[in-house]
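Note sheet for the following structure.
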Amino acid sequence: EQQEAYYYNGSVCRDLNDTLRAMENFLKSIEIGETNKHCDSLMLRNAYSNMEYLFYGVQDYKNELVYAKKRI
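Note that the sequence shown covers residues 95 to 166 in the working numbering.
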């Protein structure tokens, strides 16, 4: 449930153009997903995708590529 809560909070922040707070929430969702054996793999993939999108938006293409590879 925590993974989901952080993911949706990140989505709201993204929609409000609060990139920094969105990234913080997506990263927390990813951390929970990667360390929990009961992870929601679809939510984890979507968090990677959102991080890719946000890094593209701030023109950090190196980190965008990192999350693009994780998403696959």
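All residues carry an ideal CB built from backbone N, CA and C; glycine is no exception. Owing to the predicted nature of the structure, the values given are computational and were not obtained by experimental measurement.
Between Gly151 and Leu138, the C-beta spacing is not below 8 Å.
Of all alpha-carbon atoms in Asn103, Glu158 and Leu159, the one lying nearest the alpha-carbon of Glu118 is that of Asn103.
Distance from Gln97 to Asp134 at the Cβ level is roughly 6 Å; contact confirmed, criterion being Cβ atoms closer than 8 Å.
Under the three-state reduction of DSSP, Ile126 is assigned to helix.
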